[in-house]
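Participant: Residues in the sequence shown are numbered from 1 upward in steps of one, following UniProt numbering. Following this message is one structure expressed as structure tokens.
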Amino acid sequence: MNQSRRQFMTRVGKSVAFLVAVVNLPRVVWANWSASAFAATDLDTAIVERYGNLAIADSDAIQLKAPSIAENGAVVPISIATTLAAKSISVFVEKNPSPLSCSFNIQPRMNTDVSVRIRMGATSNLIVLVEADGKLYRTSQEVKVTIGGCGG
1 MNQSRRQFMT RVGKSVAFLV AVVNLPRVVW ANWSASAFAA TDLDTAIVER YGNLAIADSD
61 AIQLKAPSIA ENGAVVPISI ATTLAAKSIS VFVEKNPSPL SCSFNIQPRM NTDVSVRIRM
121 GATSNLIVLV EADGKLYRTS QEVKVTIGGC GG
């Protein structure tokens, strides 16, 4: 085997190993994704599926910015900020067919300010849960929707 063929075979082997790792990475990254929480059809079930039976307390340490009236429920911009040492932040829309709208896992030293656009099917309470120090903290706000976004 001459030198160039040996180098070629080494490079092919490394490339195949890299591709196998890249293809299998999503399974590892998404392993803790809670599909049952997103599939839940009522608020209480979605919360239990996402967080178990952790106690929930209202908190002023969570700032939720959302429009009081959303002209189009298909695109409702919200911003969440907290001073808590958040492990996760989840947004629930009480009257949506699937109440869990989005959930963010926060790593240490990450910024806990989150902005996202969500879909709301009708006027509903917007509930934000922040997991910190083994507890759940909540804030909520009613958003009135004039044009439905979830099939309405």
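Built from N, CA and C at the ideal position, the CB exists for glycine as well. Here the structure is a predicted model, which is why all the values come from computation and not from measurement.
#1: Cα separation between Ala70 and Ala122?
#2: Could you give the first and the last residue of the continuous beta strand (DSSP E) run that contains Ile118?
#3: Can you grab the Cα-Cα spacing for the pair Ile78 / Glu49, in whole Å?
#4: May I have the straight-line CA-CA distance separating Asp58 from Ala21, to the nearest angstrom?
#5: Excluding the 5 residues preceding and the 5 following Glu94 in the sequence, name in chain order all residues of the same chain whose CB lies nearer than 6 Å to its CB.
#6: Could you give the residue range of the alpha helix (DSSP H) that holds Arg138?
Facilitator: Walking through what the data contain:
#1: Separation of Ala70 and Ala122 (C-alpha to C-alpha, rounded to the nearest whole angstrom) is 10 Å.
#2: Looking at the DSSP string, the run of the beta strand (DSSP E) that includes Ile118 is Val114 to Ile118.
#3: The alpha-carbon atoms of Ile78 and Glu49 are separated by roughly 23 Å.
#4: Going by the C-alpha atoms only, they are around 43 Å apart.
#5: Its chain contains Leu43, Ser124 and Asn125 as the residues whose beta carbon lies nearer than 6 Å to that of Glu94, once the 5 sequence neighbours on both sides are disregarded; these appear in chain order.
#6: No alpha helix (DSSP H) contains Arg138, which is instead part of the beta strand (DSSP E) from Lys135 to Val145.
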